[in-house]
RNA sequence: GGCCCUAUCGUCUAGAGGCCUAGGACGCCGGGUUCUCAACCCGGUAACACGGGUUCGAAUCCCGUUGGGGCUACCA
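Numbering (our numbering), first residue to last: 1 to 487.
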């Protein structure tokens with residue numbers, strides 16, 4: 001029985017890359033009557049949030065992807081949330097420690113940093129130097145008992161090599177002396193991805209690990225863990241990474257990456273699914289181009305999948321979306337629009353906000369139109385004012401984007417607080433800066449109240465409008481980004 | 001810097017030594033249809049990164065160069 005999994009980390013917006021990998025796993029499992037598991041990798045306590053987890057589950061469901069086992073539907077290998085499986089990882093880490101396949105490391109961050117710097121200078125691979133490997137078992141035990149903080153690292157051989165086999169790429173040889181002695185247990189007692197992932201994949205009987213290409217270089221560590229535990233490793237398949245138009249790894253700095261964005265923008269789930277599917281299962285003729293989940297399962301073939309990282313081509317997505325919109329009956333389209341647009345309560349709110357600002361009923365729709373739009377047209381002239389020059393404006397937009405990105409909440413108070421903080425940071429009055437935000441968000445300097453509008457629009461659309469306005473003013477260079485973020 | 005992956009039209013790709021004067025789709029351009037615009041139909045533009053091999057024959061195999069990407073955390 002084939003068993004695959006998607007293991008998202010609930011540390012932010014549901015990413016289209018997650019959907020892409022989930023789709024590959026789902027389709028591969030279903031194609032041979034296997035099971036597809038969803039597991040939440042929330043071992044990063046600082047960054048994981050329940051809001052993010054809920055959004056990821058919801059987004060995948062919205063796309064039409066379902067799972068046989070998962071935190072919400074349960075299953076024979078529950079729990080499916082790593083934060084609830086701590087005892088397991090502790091047990092296995094202890095086993096490695098006892099067998100001498102792992103060791104406690106008491107090194108300070110400063111020492112490790114210095115070590116890496118030296119290694120780079122000497123043109124050597126970055127790798128733990130084995131400092132704490134020399135500690136005797138007694139001393140290691142004694143220091144741990146004395147309460148000294150430590151991590152547990154994987155012991156990696158100094159010589160020899162390992163071959164990683166990939167369904168599409170075939171074998172790749174890695175020299176052990178270039179593989180780092182990865183931390184398996186953090187000082188907070190929680191496992192890192194590397195340990196948790198191996199333990200869970202084994203326990204959950206995952207037969208095929210289909211994941212992004214960024215994991216290739218840690219595959220040797222994972223395989224070594226399977227060896228140490230005496231477990232049969234899964235078959236590996238590394239998918240190429242989705243790219244920005246400039247070919248770098250798809251990132252929200254340069255592109256909308258959140259599934260929520262595409263949903264709010266008015267893309268249909270079947271269109272997004274088809275688009276992602278096209279990147280996984282190429283077609284030979286135009287007659288095969290339109291397909292759904294079942295067809296993807298039938299056609300997916302990792303043996304021939306293209307390995308050049310595909311650019312996320314929104315123009316093609318647009319075309320597909322148009323196709324699916326036209327294919328609907330008017331009644332279906334009406335229903336889709338109803339689901340997409342604001343609910344009754346929000347509509348009430350919108351009308352209330354507009355009421356005092358209109359003189360004729362016919363003023364209502366134009367005033368509110370920006371709330372129903374994806375992007376709005378902005379120009380340099382309307383964005384800038386006598387009080388705010390282009391430099392200040394660019395910085396104000398960039399800072400607003402970054403501030404609004406973090407934090408689980410996107411409510412009125414949060415937005416107001418963050419935007420006012422930007423004004424303070426720039427040493428300008430918020431009143432002078434507000435016009436910029438009004439134009440960026442609504443397309444006009446005369447509009448509905450800003451913070452309310454932003455809540456209604458949601459984080460994803462707001463971020464995209466700020467990004468669009470920023471691009472109109474010339475964008476932000478890498479150097480500026482670094483400097484501004486540091487300050 | 002080190003290690004690894006990768007390379008066909010602008011983009012997604014077909015191509016598994018002769019079927020390739022390299023096919024399709026999106027985009028773009030032109031035409032048709034039409035009360036406008038879309039949609040639709042027809043046509044066009046456009047690519048095997050480069051250099052060496054192997055072979056009777058290479059987009060396809062090998063090596064090198066170059067380009068792109070990833071990893072290099074007590075993040076995943």
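Heads up, the beta-carbon is just placed ideally off N, CA and C, and yes, glycines get one too.
Asked, Found
"Alpha helix (DSSP H) runs contained entirely in the segment 427-472, provided each spans 4 or more residues", "430-442, 450-457, 459-472"
"Reduced DSSP secondary structure (H/G/I, E/B, other) of residue 418", "helix"
"Residue ranges of each beta strand (DSSP E) within the segment 242-311, 3 or longer", "none"
"Proximity below 8 Å, CB of residue 440 to CB of residue 465", "yes"
"CB of residue 104 within 8 Å of CB of residue 136, strictly", "no"
"Spatially closest choice to residue 407 from 50, 318, 144, by CA coordinates", "50"
"Sheet register partners of residue 171 (DSSP bridge)", "165"
"Whole-number beta carbon distance between residue 240 and residue 309, since they are thought to touch under 8 Å", "4 Å"
"Host alpha helix (DSSP H) of residue 317 (start-end)", "314-327"
"Close beta carbons around residue 92, own chain, < 6 Å, minus the five adjacent residues each side", "199"
"Segment contact flag, the segment 5-17 with the segment 51-64, C-beta cutoff 8 Å, min 3 pairs", "yes"
"Rounded straight-line distance, which links the Cα of residue 115 to that of residue 122", "11 Å"
"Residue 124 Cβ short of 7 Å to the ligand COA heavy atom set", "The model on display carries no ligand, and the ligand COA is accordingly not part of it."
"Spatially closest choice to residue 154 from 118, 192, 138, 161, by CA coordinates", "192"
"Distance, residue 218 Cα to residue 243 Cα", "21 Å"
"Nonlocal neighbours in the same chain, by C-beta distance under 6 Å from residue 238, ignoring five residues either side", "166, 213, 216"
"Through-space distance from residue 230 to residue 94, alpha-carbon basis", "15 Å"
"Boundaries (first-last residue) of the beta strand (DSSP E) holding residue 208", "208-212"
"Anticipated Cβ contact below 8 Å, residue 412 with residue 452, distance rounded", "7 Å"
"Residue 35 to residue 65 span [Cα, whole Å]", "13 Å"
"Extent of the continuous beta strand (DSSP E) run through residue 115", "No beta strand (DSSP E) holds residue 115; the alpha helix (DSSP H) holding it covers 109-121."
"Residue 400 versus residue 486 - alpha carbon distance", "15 Å"
"Counterpart residues of residue 69 in DSSP-defined beta bridges", "37"
"Exposure label - residue 18; buried when at least 16 CB within 10 Å", "buried"
"Touching by the beta-carbon criterion (3+ pairs, under 8 Å), the segment 268-284 and the segment 464-480", "no"
"Endpoints, the beta strand (DSSP E) within which residue 183 is located", "183-185"
"Cβ pair residue 336, residue 327 closer than 8 Å", "no"
"Coarse secondary structure for residue 74, derived from DSSP in three states", "strand"
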